[in-house]
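Chemist:
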Amino acid sequence: MKHYFYLHWQDARLALLKMLRQPIGSLLNLLMLAIALSLPVSLYLAATSVQAWVGKLTATPQITLFMELSTEQADLAAVQASLQSHPRVASFSFISKEAALQQLEQRSGMSGIGEGLGSNPLPHAFVVQPKADATPEALEMLQRELSGLPMVEQAQFDAAWAKRLHGLLELAMQLAWFLGISFGLALVLITHNSIRMQILARQEEIEVAKLIGATDSFIRRPFMYYAVWQGLLSTLCCWALCSVFVAQAAPALNGFAQLYSESITLRSLLPGELLMLAASSIALGIVGARLAAGHYLRRLRAR
Amino acid sequence: MIQFEQVSKRYPGGHDALKNLSFTIDSGEMLFLAGHSGAGKSTLLKLISGIARATSGNVLVNDQNLSRLRPSQLPYVRQHIGIVFQDHKILFDRSVFDNVMLPLDIIGFDRRDAARRVRAALDKVGLLGKEKVMPVRLSGGEQQRLCIARAVVHRPSILLADEPSANLDRAYALDIMELFKSFHQVGVTVIVSAHDETLMEDYGRRIIRLREGQFAS
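In order, the protein sequences belong to chains F and D.
Quick note on numbering: our numbering labels position 226 of the first sequence as 226, and the sequence is numbered without any gaps.
Quick note on numbering: our numbering labels position 168 of the second sequence as 168, and the sequence is numbered without any gaps.
Structure below.
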């Protein structure tokens, strides 16, 4: 048994050495696979990051009350009082028209926009946080109720756009899976092809080995291990590429999130996901190698 | 023991290489196969090693019926047979040492024990000093010896040699024959084919003479 493992270890070692002996060719091959893999993986990472954030939003939706421009301090106090006593409201915050204008100036980088306009065009607003256990129907009722408060121009349900974004993300996830499956198939084909080339290069050796008693598994083993290393190393390359993507894309995504005074952390691959990715690319590589070797061995036997 | 029971071999295209042959070769026997090219000598050796399959009849090698064996079992039969190929089938991309190592790799020998065996086999055929040399730099006779070293390194119970003395001058051919005799003396079944019978007659062994796939009377 120990001897059996020793033989496998030998083949694994030789397969890796073979790869290292042609560093440029191997690297190009690995990069090609890694780029193909990193496309769906990056899309998956981005989509799940945004999805986690959107999920948080839809789970705790906010209702924004925009007041009419002519609202007086007394009206504000009345609204504040009814919000405080409302059983379905967990908390709320007030954003005055002055604070809103200041925020706008900061974000757009156009200071003095208010002066240019003459008067402040922004309304006062309340951001209402409903109780967490509210059902969608209860939320809609609350929205209607709040829009009926005096001097309230509009009660806007923030979850509506979040739901639309959710739908969009669902689409992105589906695209990621579709890409993942098609690149998985490509991985099988690419491995099949590169193993076929290797077999053709070693045709003479294989034929002689067959003649003096090599079993099919003996012939196949080095190619299998080549596929294993290829899967493992291309996953690592893919991981590196995705890390670069995350580092590059995180500021842009956060800039988008800041438009909603939020922040999204673009996540990297979790260890479990990395393991899954490595396992599946190794498995697909083995399938490709086995198909190529099996095809060749069958042809050899028919002679 | 090797046993042929009414064995015929017809190649695709209709050429009958062997016609209804029956004979027995005892374990540890040394014998010669004689006949012109195309008489069926190579085919007979291929049937013993399972490289070719009989069209009809039974080929029994060490109590196993090769005609009924599954293809996946054939490699294990071959691992007990040493073959000296007519066209040598040396691998020119590796050293003499690595060529002889191949059968031991296939059986799965431990590398250190294997190295000792490879040197012993090379010593036996007189190539020990050339283990690191690439085969291209060997003479024709040396390549023949390399092929013999590879055929015996895993200590097979049966040794098949297809025209080993072809293209060699007489003195060299006699050397090779002596080598086969020494394997026979340690109990290996040795079957040597040749079209030149003058070499065989000196040895006083059984000779199977073939003509057009049948025994030549």
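Cβ coordinates follow ideal geometry from the N, Cα and C atoms, glycine included.
Determine, using beta carbons only, whether Met30(D) and Tyr172(D) come nearer to each other than 9 Å.
Modeler: Contact: no.
Chemist: Starting from Asn99(D), trace the alpha helix (DSSP H) both ways and give me its first and last residue.
Modeler: Per DSSP, Asn99(D) belongs to the alpha helix (DSSP H) from 96 to 107.
Chemist: Arg70(D): which of Ala161(D), Arg53(D), Gln144(D) sits nearest, CA to CA?
Modeler: Per the Cα distances, Arg53(D).
Chemist: Strictly under 9 Å for the Cβ-Cβ distance: is Arg13(F) near chain D by that measure?
Modeler: Arg13(F) does not count as touching chain D.
Chemist: Quick one: residues in its chain with C-beta nearer than 6 Å to the C-beta of Met173(F), no 5 flanking neighbours on either side, listed in chain order?
Modeler: Within the same chain, Met173(F) has close Cβ partners Ala47.
Chemist: Among all the DSSP beta bridges, which residues are the ones paired with Phe126(F)?
Modeler: Leu65(F), Phe94(F).
Chemist: Classify His192(F): buried if its beta carbon has 16 or more other beta carbons within 10 angstroms, exposed otherwise.
Modeler: Buried, because 16 or more other Cβ atoms sit within 10 Å of the Cβ of His192(F).
Chemist: Rounded to whole angstroms, what's the CA-CA distance from Leu233(F) to Leu122(D)? Just pull it up for me.
Modeler: Going by the C-alpha atoms only, they are around 40 Å apart.
Chemist: With a 10 Å radius around its C-beta and 16 neighbouring C-beta atoms as the bar for buried, classify Arg303(F) as buried or exposed.
Modeler: Confidence at Arg303(F) is low in this model, with a pLDDT of 49, below 50, so the placement of that residue should be treated as unreliable; the coordinate-derived value is given next. By the neighbour-count rule (16 or more Cβ atoms within 10 Å), Arg303(F) is not buried but exposed.
Chemist: Which of helix, strand or coil does DSSP assign to Arg303(F)?
Modeler: Model confidence at Arg303(F) stands at a pLDDT of 49, short of 50, so the residue's coordinates are unreliable and nothing is read from them.
Chemist: Write down every uninterrupted run of the beta strand (DSSP E) in the region 18 to 67 of chain D whose length is 3 residues or greater and which is fully enclosed by it, in chain order.
Modeler: Whole beta strand (DSSP E) segments, 3+ residues: 30 to 34, 56 to 61.
Chemist: For the 8 Å Cβ check, are there 3 or more pairs between the region 236 to 244 of chain F and the region 26 to 43 of chain F?
Modeler: Enough Cβ pairs lie closer than 8 Å, so yes.
Chemist: For Leu7(F), go through chain D and note every residue whose CB falls closer than 7 Å to its CB, in chain order.
Modeler: Result: Gly108.
Chemist: One question on the structure: do Val61(D) and Val100(D) come within less than 9 Å of each other, judged by their Cβ atoms?
Modeler: In this structure, Val100(D) does not lie closer than 9 Å to Val61(D) by Cβ.
Chemist: Would you say Val41(F) reaches chain D, if we count a Cβ-Cβ gap shorter than 9 Å as a contact?
Modeler: Not an interface residue.
Chemist: Would the beta-carbon of Pro218(D) fall within 9 Å of that of Gly272(F)?
Modeler: Since the first residue shown for chain D is 1 and the last is 217, residue 218(D) is missing from the structure and cannot be characterised.
Chemist: How big is the Cα-Cα spacing for Gln73(D) and Arg117(D)?
Modeler: Going by the C-alpha atoms only, they are around 26 Å apart.
Chemist: Pull the bridge partners of Gln144(D) from the DSSP assignment, please.
Modeler: Gln144(D) pairs with nothing; no bridge assigned.
Chemist: My guess is that Ile195(F) and Gly288(F) are in contact by the Cβ rule of under 8 Å, so how many angstroms apart are they, rounded?
Modeler: So it is a contact: roughly 7 Å between Cβ atoms.
Chemist: Scan the region 238 to 277 of chain F and note each continuous beta strand (DSSP E) run of 3 residues or more that stays entirely inside, going in chain order.
Modeler: Here no run is fully enclosed.
Chemist: For Arg164(F), does the count of other Cβ atoms within 10 angstroms reach 16, so buried, or fall short, so exposed?
Modeler: Classification for Arg164(F): exposed.
Chemist: So for Asp133(F), helix, strand or coil by DSSP?
Modeler: Residue state, collapsed to three classes: coil.
Chemist: Return the first residue and the last residue of the beta strand (DSSP E) that Gln22(F) is part of.
Modeler: Looking at the DSSP string, Gln22(F) is not in any beta strand (DSSP E), and its letter there is neither H nor E.
Chemist: Quick one: what's got a C-beta closer than 6 Å to Ala39(D)'s C-beta in the same chain, skipping five residues either side?
Modeler: If we look at Ala39(D) and ignore the five residues flanking it on each side, its Cβ neighbours are Leu210, Arg211.
Chemist: Quick one: which residues of the region 211 to 240 of chain F get their C-beta closer than 9 Å to a C-beta of chain C? List them in chain order.
Modeler: Among the protein chains of the structure shown, namely F and D, there is no chain C.
Chemist: For Leu83(F), which residues in the same chain have their Cβ closer than 7 Å to its Cβ, ignoring the five residues on either side in sequence?
Modeler: Result list for Leu83(F): Val89, Phe92, Phe126, Val128, in chain order.
Chemist: Can you grab the Cα-Cα spacing for the pair Arg286(D) / Ala201(F), in whole Å?
Modeler: This structure cannot settle anything about residue 286(D), because the visible part of chain D is limited to 1 through 217.
Chemist: Kindly give me the distance between the Cβ atoms of Asp16(D) and Ser22(D), rounded to whole angstroms, as I take these residues to be in contact under 8 Å.
Modeler: About 16 Å; that fails the 8 Å criterion.
Chemist: List the residues of chain D that Ala209(F) touches, going by C-beta distances under 7 Å, in chain order.
Modeler: Neighbours of Ala209(F) on chain D, chain order: Leu102, Ile106.
Chemist: What is the DSSP secondary structure of Lys9(D), reduced to helix, strand or coil?
Modeler: If DSSP states are grouped into helix, strand and coil, Lys9(D) belongs with the strands.
Chemist: Quick one: which chain D residues come within Cβ less than 9 Å of Arg21(F)?
Modeler: In chain order: nothing, as chain D lies at least about 13 Å away.
Chemist: Nearest CA to the CA of Gly28(D): which residue from Thr189(D), Leu127(D), Gln64(D), Met200(D)?
Modeler: Of Thr189(D), Leu127(D), Gln64(D), Met200(D), the residue nearest in Cα terms is Thr189(D).
Chemist: Nearest to Lys132(D) by CA position, among Lys181(D), Val96(D), Leu179(D), is which residue?
Modeler: Of Lys181(D), Val96(D), Leu179(D), the residue nearest in Cα terms is Val96(D).
Chemist: Can you tell me whether Asp202(D) is helix, strand or coil according to DSSP?
Modeler: Here Asp202(D) sits in coil by DSSP.
Chemist: Measure how close the beta-carbons of Asp11(F) and Arg221(F) come, nearest whole angstrom, since I'm counting them as under 8 Å.
Modeler: Right, the Cβ-Cβ distance comes to about 5 Å (below 8 Å), so this counts as a contact.
Chemist: Would you mind reading off the limits of the alpha helix (DSSP H) that contains Ser85(F)?
Modeler: Taken as a continuous stretch (DSSP letters only), the alpha helix (DSSP H) holding Ser85(F) covers 73 to 85.
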